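Peer 1:
Residue numbers (full-length UniProt numbering): 1 to 257.
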């Protein structure tokens, strides 16, 4: 049984004081049965991570957290970069790798994403490996093959124990921040193909255990329908995660209906 994971990607929003307030409101909106049913993570900007760590550790909260990016390098003359060891020391459980905004705005290649996944694993963090297609690829009917190519490139060189540790997030680029949402059937089609490819690369056991998230305009009004699909194990939530009450409603999807 795969425990759902709801991860809120705050992107470049919230200073450290705002981050503390949002995290506190989120936790106060949830109770133990919610955390028993769902793993809940927030992915704040780098400048907020220490404040979030202090809050969570000090109050012994069941919330987890991670980073939006990391350098593939261990240390050195890489101005502006943040290493895996730095994030590990800050208690990060997760790191995003290959988010569509990093791929498009910063021209991150599949090869670089692969290096970042390996860096996260080397520092005992779980990579949330993001894949997905733009609208033109979706309309051409090549969306599944495109995502499978991203998967193969991203996990190249990983051992089976390493493959077992990652989370994959499918984010159709055309549905991020646009208000458009892939249908639950669209999400299921690609998530099922991802699981099948993980089985081919790894094993049936690894595929059966791997959590595959959907990301793209997820909100409380559509999450239950998306989560009803057998190969969707959670969500990577963008804008809606900045509202702690809305994020709490998303986490509570399991109680709907």
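Don't be surprised by glycine CBs; every beta carbon is placed ideally from N, CA and C.
Bear in mind that the values here come from a model prediction, so they are computed numbers and not experimental data.
1) With distance defined between alpha-carbon atoms, name the residue in 190, 198 and 123 nearest to residue 160.
2) Taking the alpha helix (DSSP H) that residue 208 belongs to, which residues open and close that run?
3) Would you list the one or two residues that DSSP bridges to residue 130?
4) Looking at C-alpha atoms only, which residue of 60, 206, 240 and 225 is the closest neighbour of residue 167?
5) When burial is assigned at 16 or more other CB atoms within 10 Å of the CB, is residue 270 buried or exposed?
6) At 4 residues or longer, what runs of the alpha helix (DSSP H) sit wholly inside the stretch 178-257?
7) Three-state secondary structure (DSSP) at residue 14?
8) Under 8 Å: do the stretch 139-154 and the stretch 77-86 share three or more Cβ pairs, one atom per stretch?
9) What residue range is occupied by the uninterrupted beta strand (DSSP E) comprising residue 163?
10) Which residues mark the beginning and the end of the alpha helix (DSSP H) in which residue 54 is found?
11) On the criterion of 16 or more Cβ atoms from any shown chain inside 10 Å, does residue 236 qualify as buried, or is it exposed?
12) May I ask you to report which of helix, strand or coil DSSP gives residue 39?
Peer 2: Considering the structure as presented:
1) 198
2) 204-209
3) 169
4) 206
5) Within the shown structure, residues of the chain are numbered from 1 to 257, placing residue 270 beyond reach of any answer.
6) 184-201, 204-209, 223-227 and 244-251
7) coil
8) no
9) No beta strand (DSSP E) holds residue 163; the alpha helix (DSSP H) holding it covers 160-163.
10) 46-59
11) buried
12) strand
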